[in-house]
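Going down the list, the protein sequences come from chains A and B. Using the numbering used here, read the first sequence as starting at 1 and increasing by one per residue. Using the numbering used here, read the second sequence as starting at 1001 and increasing by one per residue. Ideal Cβ placement from N, Cα and C applies to all residues, glycine included. Read the structure below first, then the notes.
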Amino acid sequence: MNNNPPSITLAHGNGGKLTHELISKVFLDAFDSPELRMKADSAVLPPLGPQDRLVFTTDSHVVTPLFFPGGDIGKLSVAGTLNDLAVMGARPLYLSVGFIIEEGFLVSDLKRVVSSMALAAKEGGVRIVTGDTKVVEKGAADGLFINTSGIGVLLEGSPNLRTKAPALEDTDAVILSGSLGDHGIAVYSKRKGIDFKTDLQSDCAQIFPLVQAALAVCPEIRIMRDPTRGGLATTLNEFVAGQAMGIELFENKIPLKKEVKGACELLGFDPLYLANEGKLVLVVPKAYANAVCEALQKCAIGREATVVGLVTKEVPGKVILRTSLGSRRILDMLTGEMLPRIC
Amino acid sequence: MKYIDEFRDHKVARALSLRIKEAANSAHPPREYHLMEFCGGHTYALFRYGLTDLLPANIKMVHGPGCPVCVLPIGRLDGAIELAKRPEVIFVTYGDVMRVPASDRQSLLKARAEGADIRMVYSCADALTIAQENPSKEVVFFAIGFETTTPATAVILQEAHRLALKNFSIYCNHVITPPAISSLLESPEVQNLGALRLDGFIGPAHVSAVIGSKPFEAFSNHYKRPVVISGFEPLDLLQAILMLVNQLNENRACVENQYTRVVTREGNIRAQQSVADAFELKPTFLWRGLGKLPYSGLKIQEKYSAFDAEIRFGLNVHEVPDPKACECASIVKGLKKPHECKLFGKVCTPDNPIGACMVSSEGACGAYYRFGPMSERRV
Chain A
1 MNNNPPSITL AHGNGGKLTH ELISKVFLDA FDSPELRMKA DSAVLPPLGP QDRLVFTTDS
61 HVVTPLFFPG GDIGKLSVAG TLNDLAVMGA RPLYLSVGFI IEEGFLVSDL KRVVSSMALA
121 AKEGGVRIVT GDTKVVEKGA ADGLFINTSG IGVLLEGSPN LRTKAPALED TDAVILSGSL
181 GDHGIAVYSK RKGIDFKTDL QSDCAQIFPL VQAALAVCPE IRIMRDPTRG GLATTLNEFV
241 AGQAMGIELF ENKIPLKKEV KGACELLGFD PLYLANEGKL VLVVPKAYAN AVCEALQKCA
301 IGREATVVGL VTKEVPGKVI LRTSLGSRRI LDMLTGEMLP RIC
Chain B
1001 MKYIDEFRDH KVARALSLRI KEAANSAHPP REYHLMEFCG GHTYALFRYG LTDLLPANIK
1061 MVHGPGCPVC VLPIGRLDGA IELAKRPEVI FVTYGDVMRV PASDRQSLLK ARAEGADIRM
1121 VYSCADALTI AQENPSKEVV FFAIGFETTT PATAVILQEA HRLALKNFSI YCNHVITPPA
1181 ISSLLESPEV QNLGALRLDG FIGPAHVSAV IGSKPFEAFS NHYKRPVVIS GFEPLDLLQA
1241 ILMLVNQLNE NRACVENQYT RVVTREGNIR AQQSVADAFE LKPTFLWRGL GKLPYSGLKI
1301 QEKYSAFDAE IRFGLNVHEV PDPKACECAS IVKGLKKPHE CKLFGKVCTP DNPIGACMVS
1361 SEGACGAYYR FGPMSERRV
């Protein structure tokens, strides 16, 4: 008799009986939507308004470990794609999900992931309308990879509705919605060989409420982004690359949790380069800075929102950091892999 | 955060910066102060906190050779890659040596991508655990670094011996600080040519925690150069620079300890004993940039030779010259600034390093590229 917990086999991916069972018992149960229930090869979607502008994005998610404090790959794969739509100033509507599962992956773990995806989709008010599953041989994947694609429509006031992309202007304010590096350190703390004890949780969250709040008070948002891989430093460099303006960032204005600060000291990381999964950074005209901060602070995940930098014509195309000591230095994009130092 | 925030206080930094300016402008006739921070950790801190931006123009910081990956010659790195590529080997290493370019544009990172089993650890003790968990594999630890990391390697060597591990060995590349400083001060560039001016030294922090401040007394006496041992925080460094300027203004040349919260004159005796038990000095060791220095590198004591990877695998380490256009050698010695190298920021970047100095954030080029001071960055 086999006492091992049920796990995914290659037969679950061969399109036969087990595949159908997996789809109906695991995926349909959790994601239940009229489009999925059709069990067709593609989802047929209802028409949109004649003025609606569609936004479409895709993101693949690989994370080690799959379950981390404050989230898991499921929650991340939904929030990540919804956030990519949100920062365009779009209301998310539909998601597709694609799973690549390594042979031997526990069915119970898959169910956990799928149910947190369903929960996240519900929270975001989106329907999962189509999906795909593949199983690969043991060793060909690291447990589970998830791809999600998302469709949304631009909201009124989105910077992307304007005919000309808005340019940054001297003295514009750079606003950050909260503390940096929570996701990067929470995930890193659970890696094999690191495993330090911390109560820190990943900030993995949907930032659409933040975007909505900002759009409601500021009709002239220049640009919005979620500073994920590469961190805030990389995002700000993307803002100014090739522009006539630069950004001065104030180190002492940046919210940091003490656990993140401590871990960075210990591991030799810079929080400005760590990944975030539930933060919004945006540039607005100075006159709107206070109103936007106050609007963000009313959201649960934006309480620490604050102005962290200013656009300046002094350093075109560059980001400079005003350190907490008052000195200034270049803040570059992340280069290479962040590698821990020897001593 | 305790022991961190106090040493990054901007008001104190401002005050120190003003006092440094006053002291550096008080000499008659006016003079320059060429100060070398030996240790890569100090180079990193100088740039990370933009400290050079707080110093007057007549204080010139010269970046020294104290970055472990920068001084490791290509031949020894080729040896590491050769070991790592053996099918029976799990090669265990610290992180920032992974990207250092070896011969034929190879690196440990590339070797790993090609299938070598290379694992990155924070603590060398993890290498022992990996050996115990993988009895059918040969686990080799890539031991590298100055006196800071040597005691930890000594402890795992003793532990491997105690546990009688049969599948564990160490590829030893540890070097010691004092001969590197002597070689700079004895070099023709300093002695005769005047190409390199070194008025004083910021002494290493963690190295001194192990060896104590005493070994530096010989330098200050013999070469008449002041040494101030400094911590890694911005206020530590600013205070150490002020202490050096004051010594030079007063024509003094002695060892002073700014980092009293960690460093004593005698150092960590237990760590020194472990190192003495585990290692002996090699007659010579080849450094990148500094050449062959007598009694500057360590090898595993004969009684632990069963754990010496070079013996176990019959490794022949060859001497390999540095790439021709690469100025790493001059940069390691402080003769040239990173942007004086033709490759800097153009061909040689942290994503595509040609020389070792670009790899680690402690290397002068890496620090310049990432954090370039506003006035000196060209790219």
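In this structure, what does DSSP give as the bridge partners for residue i?
{"i": "Leu1298 of chain B", "result": "B:Leu1281"}
{"i": "Met1036 of chain B", "result": "B:Val1062, B:Phe1201"}
{"i": "Glu1159 of chain B", "result": "Note: Glu1159 of chain B sits in no beta bridge, so no partner."}
{"i": "Asn1352 of chain B", "result": "B:Thr1349"}
{"i": "Glu248 of chain A", "result": "A:Leu310, A:Ile320"}
{"i": "Leu176 of chain A", "result": "A:Val281, A:Thr306"}
{"i": "Lys1292 of chain B", "result": "B:Leu1286"}
{"i": "Leu95 of chain A", "result": "A:Ile128, A:Gly150"}
{"i": "Thr1093 of chain B", "result": "B:Met1120"}
{"i": "Arg225 of chain A", "result": "A:Val281"}
Quick one: residues in its chain with C-beta nearer than 7 angstroms to the C-beta of residue i, no 5 flanking neighbours on either side, listed in chain order?
{"i": "Arg1019 of chain B", "result": "Leu1242"}
{"i": "Asp270 of chain A", "result": "Cys264"}
{"i": "Leu1248 of chain B", "result": "Tyr1033, Asp1199, Gly1200, Pro1226"}
{"i": "Ile1354 of chain B", "result": "Pro1101, Pro1323, Cys1326, Leu1343, Val1347, Cys1348"}
{"i": "Leu229 of chain A", "result": "Contrary to the premise, residue 229 of chain A reads as Arg rather than Leu in this sequence. Excluding residues within five positions, the ones whose Cβ falls inside 7 angstroms are Ala275."}
Any idea what DSSP makes of residue i, helix, strand or coil?
{"i": "Asp142 of chain A", "result": "coil"}
{"i": "His1063 of chain B", "result": "strand"}
{"i": "Val62 of chain A", "result": "coil"}
{"i": "Thr163 of chain A", "result": "coil"}
{"i": "Leu200 of chain A", "result": "coil"}
{"i": "His1010 of chain B", "result": "helix"}
{"i": "Ile207 of chain A", "result": "coil"}
{"i": "Cys1070 of chain B", "result": "helix"}
{"i": "Gly131 of chain A", "result": "strand"}
{"i": "Met1358 of chain B", "result": "helix"}
{"i": "Met1098 of chain B", "result": "coil"}
{"i": "Asn1173 of chain B", "result": "strand"}
{"i": "Ile1144 of chain B", "result": "strand"}
{"i": "Val1207 of chain B", "result": "helix"}
{"i": "Ala90 of chain A", "result": "strand"}
{"i": "Thr1129 of chain B", "result": "helix"}
{"i": "Gly184 of chain A", "result": "helix"}
{"i": "Val1139 of chain B", "result": "strand"}
{"i": "Met1 of chain A", "result": "The predicted model places Met1 of chain A with a pLDDT of 43, which falls under 50 and marks its position as unreliable; any figure quoted below should be read in that light. Coil, per DSSP."}
Check the Cβ-Cβ distances between residue i and every residue of chain B, and say whether any is below 7 angstroms.
{"i": "Ser189 of chain A", "result": "no"}
{"i": "Ile223 of chain A", "result": "no"}
{"i": "Gly326 of chain A", "result": "yes"}
{"i": "Phe196 of chain A", "result": "no"}
{"i": "Asp332 of chain A", "result": "yes"}
Does the beta carbon of residue i sit closer than 7 angstroms to a beta carbon anywhere in chain A?
{"i": "Pro1065 of chain B", "result": "no"}
{"i": "Ala1013 of chain B", "result": "yes"}
{"i": "Arg1370 of chain B", "result": "yes"}
{"i": "His1010 of chain B", "result": "yes"}
{"i": "Arg1378 of chain B", "result": "Because the pLDDT of Arg1378 of chain B is 38, which lies under 50, any placement of that residue in the model is unreliable, and the question is left without a value."}
{"i": "Asp1104 of chain B", "result": "no"}
{"i": "Asp1053 of chain B", "result": "yes"}
{"i": "Cys1365 of chain B", "result": "no"}
Using the beta-carbon of each residue, which ones in chain A are nearer than 7 angstroms to residue i?
{"i": "Gln1004 of chain B", "result": "Residue 1004 of chain B is actually Ile in this sequence, not Gln. Simply Glu265."}
{"i": "Pro1234 of chain B", "result": "Leu325"}
With a CB to CB cut of under 8 angstroms and the five nearest residues on each side skipped, what residues in its chain are close to residue i?
{"i": "Gly1041 of chain B", "result": "Gly1066, Pro1204, Ala1205, His1206, Phe1232, Glu1362"}
{"i": "Val284 of chain A", "result": "Asp172, Ala173, Ile175, Ala214, Cys218, Glu220, Ile221, Arg222, Val292"}
For residue i, go through chain A and note every residue whose CB falls closer than 8 angstroms to its CB, in chain order.
{"i": "Phe1047 of chain B", "result": "Arg329"}
{"i": "Met1036 of chain B", "result": "Going along chain A, no residue has its Cβ under 8 angstroms from Met1036 of chain B, so there is no contact; the nearest lies around 19 angstroms."}
In chain order, what residues of the same chain lie with their CB nearer than 6 angstroms to the CB of residue i, ignoring the 5 residues before and after it?
{"i": "Gly74 of chain A", "result": "Val113, Ser116, Met117"}
{"i": "Arg1086 of chain B", "result": "none"}
{"i": "Pro209 of chain A", "result": "Cys299"}
{"i": "Pro1215 of chain B", "result": "Pro1178"}
{"i": "Arg1378 of chain B", "result": "Note that Arg1378 of chain B scores a pLDDT of 38, beneath 50, so its modelled location is shaky and nothing firm can be said."}
Does residue i come within less than 7 angstroms of chain C when only Cβ atoms are used?
{"i": "Gly1050 of chain B", "result": "Here chain C cannot be found, since the structure's protein chains are A and B."}
List, in order along the chain, the chain B residues whose C-beta lies closer than 8 angstroms to that of residue i?
{"i": "Thr335 of chain A", "result": "Thr1349, Pro1350, Asp1351, Tyr1369, Arg1370"}
Chain B partners of residue i, CB-CB under 7 angstroms?
{"i": "Gly262 of chain A", "result": "Met1001"}
{"i": "Lys258 of chain A", "result": "Met1001"}
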